[in-house]
Amino acid sequence: MPRGQGFTDSAWVDGLQQNEENRSNLALINTGEVDDQEIVFDLDIYGGETAMRVKTVTMDAEPMTVVPAKGFRQINSILRAHAPGTTQGYVRIRKVSGANPFLAYGVVNDGGVPGDRTGDGAYIPARE
Numbered sequence: 011m012p013r014g015q016g017f018t019d020s021a022w023v024d025g026l027q028q029n030e031e032n033r034s035n036l037a038l039i040n041t042g043e044v045d046d047q048e049i050v051f052d053l054d055i056y057g058g059e060t061a062m063r064v065k066t067v068t069m070d071a072e073p074m075t076v077v078p079a080k081g082f083r084q085i086n087s088i089l090r091a092h093a094p095g096t097t098q099g100y101v102r103i104r105k106v107s108g109a110n111p112f113l114a115y116g117v118v119n120d121g122g123v124p125g126d127r128t129g130d131g132a133y134i135p136a137r138e
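11 is the number of the first residue of the sequence shown in our numbering; add one for each residue after it.
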């Protein structure tokens, strides 16, 4: 991603899955372009079948939503960890604090748990 092209407020990652054959991770990146401050995020998880918000994840529930400048965080199996029973869905990533732009993406991995199936991953870019 070119400098200056990161998200400044919020972003969406669609197409997440959690079932016997697939699991999804969510990655958050603080570009550190403006200063050396961390970014704090809230994550709104929506069920794909209902389009209803299932859960909001804050730094109190998931310390990985705090990302240092020029840092990277990955939340593994986000649906299983924070929205049990949700087999498909999407996430709205909201910046709560911090001046830096951010990047985000999802990965759908082959295998319901690590070590199952091939483990290959499919990249899902975030969108505005």
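C-beta: ideal position from N, C-alpha, C; glycine also.
Where Tyr133 falls, given that 16 or more other Cβ within 10 Å makes a residue buried: Here residue 133 corresponds to residue number 123 of the sequence shown, with the count starting at 1. So Tyr133 ends up on the exposed side.
Nearest neighbour of Leu53, chosen from Asp45, Pro124, Ala37 [CA to CA]: Counted from its first residue, the sequence shown places residue 53 at position 43. In this structure, Ala37 is the residue among Asp45, Pro124, Ala37 with its C-alpha nearest to the C-alpha of Leu53.
Residue from Gly125, Phe112, Ser87, Asp126 whose Cα sits closest to the Cα of Gln28: Position 18 of the sequence shown, counted from the start, is the residue given in the question as residue 28. For Gln28, the nearest C-alpha among the options comes from Ser87.
Where the alpha helix (DSSP H) containing Ala91 begins and where it ends: Taking the sequence shown and counting its residues from 1, one reaches residue 91 at position 81. Per DSSP, the unbroken alpha helix (DSSP H) holding Ala91 starts and ends at 88 to 92.
Identity of the residues DSSP links to Pro29 by a beta bridge: For the purposes of this step, residue 29 is taken as residue 19 along the sequence shown, with counting starting at 1. Here residue 29 turns out to be Asn, not Pro, going by the sequence shown. DSSP lists no partner for Asn29.
Rounded distance between the beta-carbons of Ser34 and Gly129, thought under 8 Å: Taking the sequence shown and counting its residues from 1, one reaches residue 129 at position 119. Taking the sequence shown and counting its residues from 1, one reaches residue 34 at position 24. Actually they do not touch by this definition, with Cβ atoms about 13 Å apart.
Spatial neighbours of Ala109 in its chain, beta-carbon cut-off 7 Å, leaving aside the 5 residues before and after: Locating residue 109 in the sequence shown gives position 99, counting from the first residue. Val44, Asp45, Gln47, listed in sequence order.
CA-to-CA distance, Leu26 to Tyr56, given in whole angstroms: Within the sequence shown, numbered from 1, the residue matching residue 56 stands at position 46. Within the sequence shown, numbered from 1, the residue matching residue 26 stands at position 16. CA-to-CA, the gap between Tyr56 and Leu26 works out to about 10 Å.
Segments assigned alpha helix (DSSP H), at least 4 residues, entirely inside the region 75 to 125: Segments of the alpha helix (DSSP H) lying fully in the region 75 to 125: 88 to 92.
Distance, Gly131 Cα to Trp22 Cα: Locating residue 22 in the sequence shown gives position 12, counting from the first residue. Locating residue 131 in the sequence shown gives position 121, counting from the first residue. If I take the Cα positions, the gap works out to 19 Å.
Beta-bridge partners of Thr66, as assigned by DSSP: Here residue 66 refers to the residue found at position 56 of the sequence shown. The partner list for Thr66 (beta bridge, DSSP) reads Asp54.
Exposure label - Gly99; buried when at least 16 CB within 10 Å: Against the sequence shown, residue 99 aligns to sequence position 89. Result: buried.
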